[in-house]
Amino acid sequence: MNMDRSRQLFEEACRVIPGGVNSPVRSGRAVGMTPIFVKEAAGCRLVDEDGNVYIDYVASWGPLIAGHSHPLVVEAVREAASRGTSYGIPSEMEIRMAEEVVDRVPSIEMVRMVNSGTEATMSALRLARGFTGRKKVIKFNGCYHGHGDCLLVSSGSGILTFGIPGSPGVPDEVVQHTLSLPYNDLSQVEKVLNEVGEETAAVIVEPVAANMGVVPPKPGFLEGLRRLCDRWGALLIFDEVITGFRLAPGGAQEYFGVLPDLTCLGKIIGGGLPVGAYGGRGEIMKKMAPLGNVYQAGTLSGNPLAMSAGLAMLGILKEEGVYESLEEKTAYLVQGLDQAAKAAQVPVVVNHVASLGCGFFSREPVDDFESALKSNTEAYAVFFQEMLKQGVYLAPSQFEAFFVGLAHGKDDLDRTIEAAMQALKRVRENCAF
Ligand SMILES: *Cc1c(COP(=O)(O)O)cnc(C)c1O
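Our numbering puts the first residue of the sequence shown at 11, with every later residue one more than the last.
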């Protein structure tokens with residue numbers, strides 16, 4: 011495989027961009043490679059600067075559930091751009107977007123648009139603290155909620171991949187009110203709340219953890235969090251930046267039937283443009299300025315390009331049978347991967363929920379951060395490199411999800427499974443377990 015031009019671009023990038031990338035997990039370090047540079051993408055296909063073509067399972071880390079350059083999204087953005095790229099003055103599209111969100115997401119009565127998932131979680135947390143008048147927040151090990159200071163504690167892939175515990179630049183004082191507990195362990199939450207329940211503003215959780223690989227919630231975990239939050243008067247925040255509009259029209263809260271007080275959205279809601287949102291019960295959302303005294307603002311929030319792209323994406327997801335088809339494809343792929351691993355005699359645990367999946371190179375079930383960390387990252391690196399050679403682009407880290415989308419055809423899935431058989435053979439030859 012020729013990567014000359016990508017390598018050359020990476021060298022150029024490294025001179026002017028730290029590490030050559032604008033977000034760390036793109037760098038390829040965790041899989042012992044330099045990144046490919048994308049020239050163009052359509053459907054489930056990426057083309058890099060050397061002309062190599064890949065079946066893409068990263069989908070821009072989740073937003074592109076309908077594939078790259080979907081004609082309806084591209085046309086919506088083109089049309090909106092011709093009428094102005096940003097106003098900083100209200101426009102009708104913002105209402106239509108809010109209505110779509112309120113219609114679909116069961117617990118949301120009012121919603122505010124922001125520009126990224128990070129902004130959504132930061133704002134939701136501020137709101138939870140403002141609403142309850144309390145300081146403490148409970149999160150879970152391996153859950154990622156963006157790179158905001160207070161939530162950057164034991165937070166999954168980016169940090170996991172590079173072995174940074176939290177981050178320099180975040181003062182201890184800022185995280186002194188953040189408690190991070192094991193995912194899927196309700197008894198720990200109960201114990202901690204018995205001590206600090208009356209000071210706890212919120213419990214924030216990824217309803218399916220998808221930033222330490224993919225770790226589904228154990229039956230009863232989300233229900234238990236709901237019950238404990240009610241008992242202590244803390245707000246339950248679902249970070250649905252990945253799961254929103256992906257697991258079901260109403261996200262994980264619809265899929266599992268557990269309603270949070272606040273929900274954070276991002277990724278799919280922007281159709282590939284930089285967007286986030288947070289919403290919840292009217293009573294809580296009305297605490298936000300200008301109605302209430304909790305402040306949050308944004309020059310480009312609700313801008314017409316992002317609203318158009320997002321509305322087009324949500325429109326595509328209204329088509330009949332979309333979610334069933336995503337689930338079927340993913341189940342097919344997961345079954346193929348399981349069989350390939352068995353045939354190659356490589357221990358792989360494939361977790362998946364709806365169209366989110368992850369294969370851990372491990373013998374043991376993965377149900378929290380600790381068990382995720384036991385997977386063999388060297389084996390993943392070999393697997394990643396071989397898949398790339400065979401034209402399949404996976405996330406360049408063991409601790410990320412693969413995203414199945416509407417643009418993956420059965421042929422693509424079959425080719426992926428075939429590539430995996432070869433790649434797993436290579437893993438068998440090169441790695442000890
Ligand atoms: C991606 C992600 C975020 C951060 O969103 P950005 O748009 O990258 O700031 C927050 N929470 C979860 C669960 C995510 O997957």
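For glycine and all other residues, C-beta sits at the position ideal for the given N, C-alpha and C.
Asked: CA nearest to the CA of R55, picked from L416, H157, K297 and A307; Found: L416
Asked: Option nearest I65 by Cα separation, candidates A429, E216 and A433; Found: A429
Asked: Whether L275 touches G260 by CB criterion (9 Å); Found: no
Asked: Option nearest N440 by Cα separation, candidates V115, L423, E388 and H78; Found: E388
Asked: Burial state of T309, where buried means 16 or more other Cβ atoms lie within 10 Å; Found: exposed
Asked: Residues of its chain near Y265, where Cβ-Cβ distance is below 6 Å and the 5 sequence neighbours each way are ignored; Found: L257 and A258
Asked: Identity of the residue in K228, E216 and V199 nearest W242 by Cα; Found: V199
Asked: Beta-carbon contacts of E59 that lie in its chain and below 8 Å, excluding the five residues immediately before and after; Found: R15, S16, L19, I46, F47, V48 and K49
Asked: Buried or exposed (CB count within 10 angstroms, at least 16 for buried), P375; Found: exposed
Asked: Beta strand (DSSP E) segments (min. 3 residues) lying fully within the region 320-355; Found: none
Asked: Residues near V124 by beta carbon distance below 8 Å, same chain, minus five either side; Found: A130, S133, V285, G286, A287, Y288, Q306, G308 and S311
Asked: Per DSSP, the bridge partner or partners of D58; Found: V48
Asked: Span of the beta strand (DSSP E) around M123; Found: M120 to V124
Asked: As assigned by DSSP and simplified to three states, the class of T188; Found: strand
Asked: Spatially closest choice to E380 from S164, G77 and G140, by CA coordinates; Found: S164
Asked: Rounded separation between R236 and I148 - CA only; Found: 13 Å
Asked: Ligand 1 heavy atom lying under 8 Å from the CB of T128; Found: yes
Asked: Reduced DSSP secondary structure (H/G/I, E/B, other) of K146; Found: strand
Asked: Distance cut-off 8 Å: G286 Cβ against heavy atoms of ligand 1; Found: yes
Asked: Assumed close pair K297, L137 - CB separation to whole angstroms, cut-off 8 Å; Found: 6 Å
Asked: Cβ-based neighbour list, E110, same chain, cut-off 6 Å, excluding 5 preceding and 5 following; Found: L324
Asked: Length of the line joining the Cα atoms of M222 and G267; Found: 23 Å
Asked: C274 Cβ short of 8 Å to ligand 1 heavy atom set; Found: yes
Asked: Meets three-Cβ-pair contact criterion under 8 Å: the region 70-79 and the region 405-422; Found: yes
Asked: DSSP-derived helix/strand/coil call for Y390; Found: helix
Asked: For G401, the nearest candidate out of P34, I214 and I427 (CA to CA); Found: I427
Asked: Rounded straight-line distance, which links the Cα of V344 to that of V87; Found: 34 Å
Asked: Residues that M298 bridges to, as DSSP identifies them; Found: V304
Asked: Residues bridged to T273 (per DSSP); Found: F248 and G289
Asked: Straight-line Cα distance separating A341 from C373; Found: Before going on, a small fix: residue 373 reads as Arg here, not Cys. Approximately 21 Å between the Cα atoms of the pair.
Asked: Buried versus exposed, by CB contacts within 10 Å (16 or more), G179; Found: exposed
Asked: Y265, DSSP secondary structure in three states; Found: helix
Asked: Delimiting residues of the alpha helix (DSSP H) encompassing T2; Found: Outside the shown range of the chain (11 to 443) lies residue 2, about which nothing can therefore be said.
Asked: Contact between the region 248-255 and the region 208-222 (3+ Cβ pairs under 8 Å); Found: yes
Asked: G72 CB to nearest heavy atom of ligand 1 below 8 Å; Found: yes
Asked: Separation of A354 from I118, as counted between CA atoms; Found: 47 Å
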